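Here is the structure we will look at.
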Amino acid sequence: MCKVFVLDTDKRPLDPIHSAQARLLLRNKKAAVYRRFPFAIILKESRSDSPVSSIRLKIDPGAKITGIALVNDSTGEVVFAAELKHRGFAIRDALTSRRQLRRSRRNRKTRYRKPRFLNRTKPEGWLSPSLMSRVHNVESWVNRLRKFAPITAISVELVKFDMQLMRNPEIEGKEYQQGTLAGYETREYLLEKWNRQCAYCGVKDVPFQVEHIHPRSKGGSNSITNLTLSCEKCNVKKGTKDIKDFLKKDPTKLQKILAQAKKPASDAAAVNATRYKLLGVLKSTGLPVECGSGGLTKFNRTNQGLPKTHWIDAACVGQSTPTLNTKSIKALLITANGHGIREMCGTDKFGFPSRHRTNKQIHFGFQTGDIIKAVVTSGKKVGEYVGRVLCRATGSFDIATKTGRIAGISYKYCSAIHKKDGYSYGV
Ligand SMILES: [Zn+2]
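If you count the sequence shown from 1, position 300 lands on 300 in our numbering, and the numbers rise without skipping.
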C-alpha cells in the first residue's frame, strides 16, 4: 500500500506513515482526516521536533498518462505512486467543434467589413491548449504533493534518448547491443528514427533487432548512420547480404532506406516542446531538478527487473535512482475532468442555439463532481452509497458508485467526503 501523508498541526508535511499506523492515530482521535485523495491526515498535537526525511518527486510525462512517484532516495522506498490521465484529446475535440460552429457564423452578412486575415499573433513559447493542459495538470499535482510530503528534489524525464551518447560517431561493437546504457539510448534513438517499425517489411509492435545496413562482414561500420531496425524474420532473411542485393527487386524501398539512414542525428526528434515547458515550470518551484532520458529510464527499470507501468517508469527516471522497493504499491489513478463549461446557451449539431443553461453550479451545498456518501434510510433505495455525484437543481442527485449509477437520491441523505477539484480518482 501507498503510505499515508501526515501534516503537523501547522500543516507542515511530516514523513508519510504506514496505513496501519494512520488508522491507529485516527481511532485514538490523535489525528483527523485532512484529505481523501491523496489520503492525508492532520495531527491534533504538534510534533515540531520529529525529524523529516527528504523525498524525491519523480515524473515521467506522457501524452496520455503521466507517471508520478515519490521516492525516498536513502532507503529506495516508493512512498506514493500515481498515474495522471490527461484530457488533451477532449480539449482538442471541443475546440475543433467550436471552431467549426463559429466559422459559418463569421462569414454570414459580413460583406461590408474590411477583410482581415493573418492578424493573429501568438506569444513566444505558446503551446496549444491541449498540450498546455498537460503541463497545468502536472504543475497542480506537483504543488499539491509538495503540501503533503517533504519533497526536496524533482526528477523528470526530459528527452527520449541522450544526444551526448549519440555524438560519438563510432559506438563500440558491443555497446549498442544488450545491457549497456549506451545500448538503451541507441535503441530508443533508432526506434524514434525508424518510426518503430521494421525498415524492410514495415511490421510494427514486434521485438526489433538492431541491424547493420551494410553488413559488418563486408566492411560496414558501427556508426549510428549504418544501423536500422528490423524484425527477426527480415534480419535472418537478409543475413550477411548487402542491402543492395537484398532489395534488388525493390529499388524504391532501397532508395528510401538509404536516404533515411543518411539523415543526421537531429536533436529535433528528441525535443518535445511540452516537456521543455514542463521543465521550466518545475524549475520555477525552486527545487533542484534532475533530468533523465528515456533510455536511462528503461535501463534502470530493466536492470532492476521491474514491470513496465507508468508509475514504475517515473520511479526509474534519472541518475539518482536507488534500488527501488516497490512492494505492494497500488498507484492512485487520477483522471483530469476539467471544470465543466461556461457557455450559457447550448448548440445543437448545426450550431443553432438549443437550450439556455443556468450558471448555478452549487445545489444544496453540493456540486457535480463532488465525491459524496449517501446514507438512505427510507424509500426504495435504502442503503449506503459512495461515489461521484451528479447534481440537479431539483435536489434529486445521481451517484456513480463502483457497481453502477444510482439515480434519484435526495440531497438530504448526502454528505461530502471530497469536494470537486477537477479530477476523479480510482485505484
Ligand atoms: Zn521485417
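Beta carbons are placed, not taken as given, at the ideal position from N, Cα and C, and that holds for glycine. Keep in mind the model is a prediction, meaning the values are calculated, not measured.
Can you tell me which of the three DSSP states residue i falls into?
i    : result
A269 : Caution is warranted here: a pLDDT of 48 is assigned to A269, below 50, making its placement in the model unreliable, and the coordinate value is therefore given only provisionally. It is helical.
I312 : helix
S46  : coil
K204 : strand
I417 : strand
K330 : coil
C493 : Because the chain here runs from 1 to 427, residue 493 falls outside it and cannot be looked at.
T274 : helix
C231 : coil
H339 : coil
L127 : coil
K109 : coil
T368 : coil
K373 : strand
I409 : strand
R35  : strand
S54  : coil
F5   : strand
F397 : strand
T297 : helix
I68  : strand
I243 : helix
Q260 : helix
K85  : strand
K218 : helix
S223 : strand
V317 : coil
P251 : helix
G351 : coil
N137 : helix
G62  : coil
Please go through the same chain and pick out, in chain order, the residues whose beta-carbon is closer than 6 Å to the beta-carbon of residue i, but skip the five residues on each side of it.
i    : result
G387 : I399, A400 and T401
T180 : none
Y184 : G295, K298 and F299
K412 : none
F39  : V4
A22  : V4 and I41
R351 : Arg is not the amino acid found at residue 351; the sequence shown has Gly there. Cβ neighbours of G351 beyond the five flanking positions: L101.
N107 : none
R36  : I417 and H418
I257 : A199
F246 : K238
Got a sec: does ligand 1 put a non-hydrogen atom nearer than 6 Å to the Cβ of residue i?
i    : result
Y276 : no
V203 : yes
Y189 : no
S293 : no
C316 : no
Y184 : no
Y429 : Because residue 429 is not part of the residues shown, which for the chain are 1 to 427, the question remains open.
C345 : no
C231 : yes
C414 : no
C234 : yes
Would you call residue i buried or exposed, if buried means 16 or more other Cβ atoms sit within 10 Å of its Cβ?
i    : result
I362 : exposed
R355 : exposed
G318 : buried
V79  : buried
S217 : exposed
R111 : exposed
N359 : exposed
L95  : exposed
C345 : exposed
A268 : At A268 the pLDDT is 46, less than 50, meaning the model places this residue with poor confidence; the figure from the coordinates comes in the next sentence. By the neighbour-count rule (16 or more Cβ atoms within 10 Å), A268 is not buried but exposed.
T403 : exposed
E45  : exposed
N143 : exposed
S155 : buried
A331 : buried
In its own chain, which residues sit with a C-beta less than 7 Å from the C-beta of residue i, not counting the 5 before and 5 after it?
i    : result
A314 : K58, I59, D60, G67, I68 and A69
C231 : C198, C201, V203, V206 and F208
Y34  : L7, A40, I41 and I42
D348 : S354
Just to confirm my understanding: we take residue i, look at its own chain, exclude 5 residues before and 5 after, and list those with CB closer than 8 Å. What are they?
i    : result
G294 : E157, V159, K160, F161 and E188
K241 : P215
N337 : R87, G369, G422, Y423 and S424
Y276 : L158
E170 : Residue placement at E170 is poorly supported in this model, since its pLDDT is 48, which falls under 50; the coordinates still yield a value, given next. Result list for E170: S221, N222 and S223, in chain order.
K11  : I42 and K147
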